[in-house]
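Residue numbers (mature numbering (1 follows the signal peptide of the UniProt record, and there is no 0)): -19 to -1, 1 to 667. C-beta: ideal position from N, C-alpha, C; glycine also. Structure first, then comments.
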């Protein structure tokens, strides 16, 4: 995860550097930057008209270029970046479509239940022609879509009862606007009552209703009162301009940020005394002033702060975000980070996509699960101060020059999705190249594996873990109270010996208990060599004879010999060295052996059972190799309690025989721990 996060941060850094390179290239070729002001006099009538349409100002009564230019200057300074964006939006608006409502529920869901947007709906009555013709309606859709206004057509033939209940007996235009200034308030529907069915007249009707929601100030006394007033709004944005009404983008933003930001329009057209404006730092008009508890911020002085809906929307979202904005941002970042797995994973192509799908599902699930307690945490009434401090941090950080660069880059790359995707793909291919080069030295088979080989290994892994438990999750010793494992009987019914058994992973072997065999009173190897300097060769032949004789003795003979011996005889002598007790607690007293490295020089010998795990059965011989345990040798126990040499049982299990050599209990399944009886005291023989 951290590798993918670092790769994503490197990608963002590369995007930032690439944007600066583009700015340098544009400056070198054309001689201007995106923040450079444009003189409206040098622009053509078409470009001036495009700027006014993007800002939402009507120009139908201004036939001359001079009047149009003055209107552009009154609405705000024009930058090269805004002109480029306006021309780009005009080309993109050609593909705007309108919604066709299927009935009452569809209309209610999109129009009446949308609390922070404006909708324009054309209602077509039964057996009537539409109020706005198709050509004019397409122009209207194109014009209002610039400001985030939704458009749609409701044909009463699809739901005549709803039209009759609403009183829509003739074709008309319906506009939905939030009724109150609170977030998620009620929505009111307004019907167009004008006589002229033209695009400009309908647009003026829309902007007039949207502008009525904005507080308007007409004199300095009212401005002074409003400027010094403290109310529920922590963030206010003022527009000081010599206009009849605010631009449409300003009115549309007031609807979108209902309850978060208060929009105030100061009409300075007929002001004689502007002294108070100078007192609060307003020296020119038009000006867009952001008032926060931290101070005053002049919008338009930094990179990317254009007089347009998209630029101001991203600016206000960064200052006063909603929880939904943060969730969408985290969702985009998490998915971008997850897609890095497609390039980091090496091997077959199918393996890459399988890992990618798994990563996408995991990351998105974890994101949603982690957001649930956050949403509940934010609903607590005692966290208002925490919420305010968080917003204060957002306002401090997003009014910096670096934040303005980031917003400008976001608008640039979002308007050029092909460039964004191509750079992401190029960055991923570079990661894939370096990762492949790094792993080729470590594991060439993984890098060069084809699709068929990987699918075969995936199927083996799937079948192994489907029919058997994951042994690595089981820990030893077991503390289960089960009398028996009910899965064992069902598994043997499902998989008889005549069937092919699935592969079982051997990772459970590393969790089996291991310890060293010790005898009480055993001396070191050096002392043994000094005591028996001449008996090395003899001991080897003697051990071989004893081990061969062990194989010929049956269990019944051992049991009878055990009961026939006295208590003193059952103790080990010097030669037995391995405590001479066979598996399951005993060894016939007649069988005396001296395995390598386990003999003591004096006294009786007893195994040190305190070093054994409590659930293991006490024995001194490995039934795999049929040799006695030597002092200091490494032992390993199975869940059933039987003990073997570590090397012997690992070879046994790794060969595919996943069961105990003695009782055939599955080596990866739990079993009730064995309880040892109280050991008898052993006194030295008289």
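Go to residue i, then tell me how far its alpha helix (DSSP H) extends in each direction, as first and last residue.
i: residue 642; result: Neither: residue 642 is in no alpha helix (DSSP H) and is coded neither H nor E.
i: residue 371; result: 365 to 379
i: residue 348; result: 330 to 359
i: residue 308; result: 304 to 320
i: residue 204; result: 201 to 208
i: residue 398; result: 398 to 421
i: residue 32; result: 26 to 36
i: residue 293; result: 290 to 300
In this structure, does DSSP put residue i in helix, strand or coil?
i: residue 139; result: helix
i: residue -13; result: helix
i: residue 170; result: strand
i: residue 614; result: coil
i: residue 268; result: strand
i: residue 625; result: strand
i: residue 562; result: At residue 562 the pLDDT is 37, less than 50, meaning the model places this residue with poor confidence and gives no usable figure here.
i: residue 233; result: helix
i: residue 273; result: strand
i: residue 501; result: strand
i: residue 219; result: strand
i: residue 9; result: helix
i: residue 597; result: coil
i: residue 609; result: strand
i: residue -5; result: helix
i: residue 650; result: coil
i: residue 487; result: coil
i: residue 394; result: helix
i: residue 260; result: helix
i: residue 604; result: coil
i: residue 587; result: strand
Rounded to the nearest angstrom, what separates residue i and residue j at their Cα positions?
i: residue 324; j: residue 338; result: 13 Å
i: residue 594; j: residue 619; result: 11 Å
i: residue 346; j: residue 147; result: 43 Å
i: residue 69; j: residue 4; result: 17 Å
i: residue 60; j: residue 150; result: 48 Å
i: residue 219; j: residue 295; result: 17 Å
i: residue 25; j: residue 207; result: 40 Å
i: residue 344; j: residue 327; result: 20 Å
i: residue 49; j: residue 120; result: 21 Å
i: residue 33; j: residue 292; result: 16 Å
i: residue 136; j: residue 102; result: 10 Å
i: residue 7; j: residue 341; result: 38 Å
i: residue 106; j: residue 144; result: 8 Å
i: residue 332; j: residue 651; result: 34 Å
i: residue 89; j: residue 401; result: 36 Å
i: residue -8; j: residue 330; result: 26 Å
i: residue 140; j: residue 86; result: 10 Å
i: residue 168; j: residue 322; result: 45 Å
i: residue 616; j: residue 587; result: 17 Å
i: residue 635; j: residue 411; result: 41 Å
i: residue 487; j: residue 493; result: 11 Å
i: residue 45; j: residue 211; result: 45 Å
i: residue 98; j: residue 297; result: 16 Å
i: residue 250; j: residue 223; result: 5 Å
i: residue 252; j: residue 380; result: 31 Å
i: residue 231; j: residue 125; result: 13 Å
i: residue 240; j: residue 336; result: 44 Å
Using CA atoms only, rank isn't needed, just tell me which of the options is closest to residue i.
i: residue 116; options: 172, 272, 180 and 104; result: 180
i: residue 334; options: 319, 347 and 345; result: 319
i: residue 1; options: 415, 391 and 613; result: 391
i: residue 205; options: 300, 47 and 256; result: 256
i: residue 383; options: 397, 286 and 362; result: 286
i: residue 228; options: 54, 494, 634 and 71; result: 54
i: residue 209; options: 273, 331, 602 and 305; result: 273
i: residue 221; options: 352, 131, 84 and 58; result: 58
i: residue 56; options: 124, 247, -18 and 177; result: 247
i: residue 27; options: 71, 191, 638 and 276; result: 71
i: residue 629; options: 606, 270 and 623; result: 606
i: residue 405; options: -19, 191 and -4; result: -4
i: residue 306; options: 282, 421, 133 and 238; result: 238
Where does the unbroken beta strand (DSSP E) through residue i begin, and where does it stop?
i: residue 188; result: Counting along the chain, residue 188 falls outside any beta strand (DSSP E), though it belongs to the alpha helix (DSSP H) covering 180 to 192.
i: residue 243; result: 243 to 248
i: residue 19; result: That residue, residue 19, is in no beta strand (DSSP E); it is neither H nor E in DSSP.
i: residue 196; result: 196 to 198
In chain order, which alpha helix (DSSP H) runs of at least 4 residues are fully inside the stretch 63 to 151? 85 to 88, 115 to 125 and 141 to 147
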